[in-house]
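In our numbering, the protein residues as written are 87 to 471.
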């Protein structure tokens, strides 16, 4: 892996930086999970990104992208986080379902949904987990019954990110009577369809970032099935690879946070335990190590490789890195860390606590770390079950 950028890549970085400096909102947007207003503010930001064709730079131009490679996407992400640009409200679509559709969808399906993702018209939720099937995705019980040119969907999904305000969801459904990894299909459905009920789940910070979804005889066209019937498990494992191993958590997210942590330490160095310095250095090194790993993965994919079971090692690494980094920040701040964002004198400490609380979920979502360790043991190390 060549760790130097080409002149073309440096020129691309300059283009991205200039556009972001001219277009990133001067004031932070309300969080997209906090309210419908905040959600729509972020949808409008997605449309602003699309005006410069920055919605998803790796997608083909005919689907709203720029046709660029993964190294250029990583450069874009570095500049995006450096600029403090708004969070991507459509991350479930552009980072998870979009790449899945690119790989398994028909031309007609790509034309139908990818452009809407890129321009913010269609915001997506993930409808995989169920009350009795969280990390054990093979245990989903929601069903899809073929009826002519339609599927009839029934079931109960939970922990569906963005579903409170989103437009569409991609869900995993099984043929009645099928068991475990067989008989499942990936089917998309509009969240305003007759028979769909969405109930918000409030997080500890008051945001409605999750929802449970009830489906009662929901009819969708057979066109909405992605890939072949019964191919759902295989397709969802590919999606999980994107989620765990590459796109959902770009390294720039942690590199920027590690740099801010170093600034926080320097500002408080005189009053904190000197031993904390080692944790600050560890957080910075971990962020850099993760970046190198992702660059290596991107180069391998550009060369025609695939994301495999090793995505589980990435998922464990970034989730535990995130917790350690933010725990270190709280240790530096001490009692000040509990100042909430709405406090009038919160100042620069206001995001560390919220970010730490969010980081605690990292070892759970995208497949719990316990499950990931089983995958590593069985599929990478060849250990017995």
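Cβ atoms here follow ideal geometry from the backbone N, Cα and C, with glycine treated the same way.
Remember, it's a predicted structure, so these values are computed and weren't measured experimentally.
- When DSSP states are grouped into helix, strand and coil, residue 303 belongs to the strand group.
- For residue 360, there is no enclosing alpha helix (DSSP H), since its DSSP letter is neither H nor E.
- In the DSSP assignment, no residue is bridged to residue 208.
- Beta-bridge annotation (DSSP): residue 233 is paired with 236.
- For residue 257, the enclosing beta strand (DSSP E) stretches over residues 254 to 260.
- Per the C-alpha coordinates, the member of 251, 186, 145 positioned closest to residue 317 is 186.
- Taking C-beta separations shorter than 6 Å and ignoring five residues to either side along the sequence, the partners of residue 372 in its chain run 407, following chain order.
- Assignment of residue 241 by DSSP, reduced to helix, strand and coil, places it in the strand class.
- Residue 403 holds the alpha-carbon nearest to the alpha-carbon of residue 340 among 403, 302, 358.
- Remark: C-beta atoms of residue 304 and residue 249 do not approach each other more closely than 8 Å.
- DSSP places residue 285 within a strand segment (E or B) once states are collapsed to three.
- Counting along the chain, the unbroken beta strand (DSSP E) around residue 270 starts and ends at 270 to 276.
- Contact between the stretch 171 to 180 and the stretch 130 to 140 is present: three or more C-beta pairs spanning the two stretches fall below 8 Å.
- The three-state reading of DSSP puts residue 311 in strand, counting E and B together.
- Contact between residue 163 and residue 364 is absent: CB atoms are separated by about 28 Å, not below the 8 Å threshold.
- One Cα belongs to residue 260, the other to residue 141, and the distance between them is close to 33 Å.
- The secondary-structure analysis by DSSP pairs residue 298 across a beta bridge with 285.
- The DSSP-derived three-state label of residue 317 is strand.
- Residue 311 places its beta carbon less than 8 Å from that of residue 271.
- Shown here for residue 136: same chain residues with a beta carbon closer than 8 Å to its own, the five before and five after excluded, namely 150, 204, 205, 206 in chain order.
- With a minimum length of 3 residues, there is no unbroken run of beta strand (DSSP E) contained wholly in the stretch 432 to 468.
- Between residue 160 and residue 143 a beta carbon distance of about 10 Å is seen, past the 8 Å cut, so the two are scored as non-contacting.
- In the same chain as residue 102, and ignoring 5 residues on each side of it, the C-beta atoms closer than 8 Å to its own belong to 140, 161, 162, 165, 166, in chain order.
- In this structure, residue 449 sits near residue 405, with a CB-CB distance shorter than 8 Å.
- For residue 190, the closest alpha carbon among the candidates 321, 108, 344, 464 is that of 321.
- Across the structure, residue 122 and residue 359 are spaced so that their CA atoms are roughly 43 Å apart.
- Per DSSP, the continuous alpha helix (DSSP H) segment holding residue 159 begins and ends at 156 to 168.
- Distances from the CA of residue 268 to each of 279, 298, 229, 233 were compared; the closest alpha carbon is that of 229.
- For residue 171, the three-state secondary structure derived from DSSP is coil.
- Each of 374, 400, 308 was checked against the Cα of residue 455, and the nearest Cα belongs to 400.
- The continuous alpha helix (DSSP H) containing residue 186 extends over residues 184 to 190.
- Counting only the Cα atoms, residue 376 lies some 10 Å from residue 370.
- Distances from the CA of residue 452 to each of 280, 246, 111, 235 were compared; the closest alpha carbon is that of 246.
- When DSSP states are grouped into helix, strand and coil, residue 116 belongs to the coil group.
- Residue 184 counts as buried, since no fewer than 16 other beta carbons sit within 10 angstroms of its beta carbon.
- In this structure, the CA atom of residue 466 is about 28 Å from the CA atom of residue 213.
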